[in-house]
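Each position in the sequence shown, counted from 1, maps to that position plus 19 in my numbering.
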Amino acid sequence: MKPTPQPTPRWREVNGVIYLTVTLDKPTAGDEWISRTEKKGNRVEENYGKPVLRSKDFKSSDAGTYEIVILKGSLFEDNDRITQKIRAKADEMKLVKPNADIACLIREQFSDKEIEAMGLWWIVTMHEPIVSGGGPGLLAADRNGGGRWLCAGSDAPVSRWDRGRGCAFLAQQVS
20 MKPTPQPTPR WREVNGVIYL TVTLDKPTAG DEWISRTEKK GNRVEENYGK PVLRSKDFKS
80 SDAGTYEIVI LKGSLFEDND RITQKIRAKA DEMKLVKPNA DIACLIREQF SDKEIEAMGL
140 WWIVTMHEPI VSGGGPGLLA ADRNGGGRWL CAGSDAPVSR WDRGRGCAFL AQQVS
């Protein structure tokens, strides 16, 4: 009897850093992301996620394929897992700050099972914080709370992130 072939993951991990790609078919406004996400059976957090998407500061990426680099929370000691130090590590690696809609693409294109296989609960997109509702927020793909969520986490230089979160940046584009 032959073993059942396992599907090839659409992502890879090297030394606690996850690499994956997402593709945006067309630039999409924040309000459009809400309906697009919900039509696919995902949920958008009412108090934090929707206000970030509806903010005048929300910017869409251009259509195209993006290489995402996710720094796993486990790369950092507990006391070092703060926004300021995570962004400094990304700068050292020459990673680029993404637009907020990268979180929407991750949520749309990766299942909870895939995010779990990455060893993560949340993938927080480390875009420029968008102030709305309760303060500066970062969009995230979340598999917690009984379903596929698009939500927002609070951002401040000293915001602490837990080990089960990954922080998403863009790989530097080489021309």
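For each residue, glycine too, the CB sits at the ideal point set by N, CA and C.
- With 16 or more other Cβ atoms from the protein chains shown falling within 10 Å of its own Cβ, Pro117 counts as buried.
- DSSP assignment within the stretch 78-125 yields the following whole alpha helix (DSSP H) runs of 4 residues or more, N-terminal first: 102-111.
- The beta carbon of Ser151 lies closer than 6 Å to those of Pro70, Val71, Ser74 in the same chain, with the five residues before and after it left out.
- One alpha carbon belongs to Asp50, the other to Asn34, and they sit about 37 Å apart.
- The Cβ neighbour count for Ser130, taken over all protein chains shown within 10 Å, is under 16; the residue is labelled exposed.
- Only residues of its own chain outside the window of five on either side were considered, and among them Val63, Lys69, Leu72 have a CB closer than 7 Å to the CB of Ile53, listed in chain order.
- Segment contact: the stretch 78-96 against the stretch 29-46, three or more CB-CB distances shorter than 8 Å; contact assigned.
- In the three-state scheme derived from DSSP, where H, G and I count as helix and E and B as strand, Thr27 is classed as coil.
- Thr56 carries a helical assignment under DSSP once its states are collapsed to helix, strand and coil.
- By the neighbour-count criterion, in which a residue is buried when 16 or more other Cβ atoms sit within 10 angstroms of its Cβ, Thr84 is exposed.
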